[in-house]
Structures are given as C-alpha cells and as structure tokens.
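This report refers to the structure that appears directly beneath it.
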Amino acid sequence: MKNSYRYIPDPLFPNDNFFDLVYQVVRLIPYGRVSTYGAIARYLGAAKSARMVGWALNNSHNVIPKVPAHRVVNRNGFLTGYMHFATPTLMEELLKSEGIIVENKRIINFKDVFWDPSFELL
DNA sequence: CGATTGACACCAA
DNA sequence: ATTGGTGCCAATC
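Mapping of the first sequence onto the working numbering: position 115 corresponds to residue 116, and the numbering continues sequentially without gaps.
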C-alpha cells in the first residue's frame, strides 16, 4: 500500500504498517466531515484497535501527503486529541473553519457530520 | 525481549 | 443515565 501517496524519506517509517492504513482512510474523510477512531479501526478490520488509530495519528505530523488528523474525534464527538496539535486551539479552529460547530472541545452537530468509512465507502 | 504506553470503545453494575 | 473497570495490540522503552 504505497502507491497513491509517499512518505517522507525517513527509514524509520516502514511502508506497510498499520499506521499507513490509518493515514489512507483519514485522507478519505471529506472536507467538513469527521470520523472516529473506532469507525476507522473497524473499517481496517481491526475493530478492537481504536487506540492504535489514535496512536498512529501521533506520527501523522511527519507524513506526506498531510493527514487531516483534526477530522478524527472520539465516538462522543469530543476533540480528545486537541493537545497534540501545534496549539491547544488549532484542532477546534480547523474544524470550525470547515463549517463544523465546535463548542468547548466538542462537536455539537456530531451526528450530522459523522462520516463512517464502512458505510460511506464500499 | 518483556513491560509500558496510549488522540478509544465496550460493558457490567 | 453515569461510572468504573477491562480488553486491545503495535510501537516504544
């Protein structure tokens, strides 16, 4: 799985690990929509590895093309990973800029913008 | 190479 | 409805 995108030339990043699969799916999340760790994990066939998805996003900063990690929240619509961005408010700002209603680290219209890869894709 | 670490999710009470 | 406990598993330490 290393055709439609490429990685930074860092030997520390293998080509076919679980992380890369996560990056692929996250890039498919449309503008103005969001998905969840669990939904992505299920889509990858690793239903019980939601935590791995979040962990994968830690490295997403070093990946090319860029991964819209701000579009991934937990199943309750909370921006649980906001502190991993450049500034504590960046994630919220990015989502707002895409028309998503965020209030106090939580997506208000969550069910309206939720994008489930296992359902939307096929 | 065993132990720890998570940007989570599920379930029992 | 809330809450506390447990499962998970690849990457790191």
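Don't be surprised by glycine CBs; every beta carbon is placed ideally from N, CA and C. Computed from a predicted model, the values in this text were never measured in an experiment.
key: Segment contact flag, the region 30-40 with the region 112-123, C-beta cutoff 8 Å, min 3 pairs   = yes
request  = With a cut-off of 8 Å on the beta carbons, I'd call Thr43 and Ser119 a contact; round off their distance for me.
outcome  = For the sequence presented, residue 43 should be read as Arg rather than Thr. 6 Å between Cβ atoms; contact.
message = On the CB-based measure, 16 or more other CB atoms within 10 Å of its CB, does Ala40 come out buried or exposed?
response = buried
Distance between beta carbons of Ala57 and Phe20, contact taken as under 8 Å = 4 Å
key: Sequence-distant residues of its chain with Cβ nearer than 8 Å to Thr90 (five each side left out)   = Tyr83
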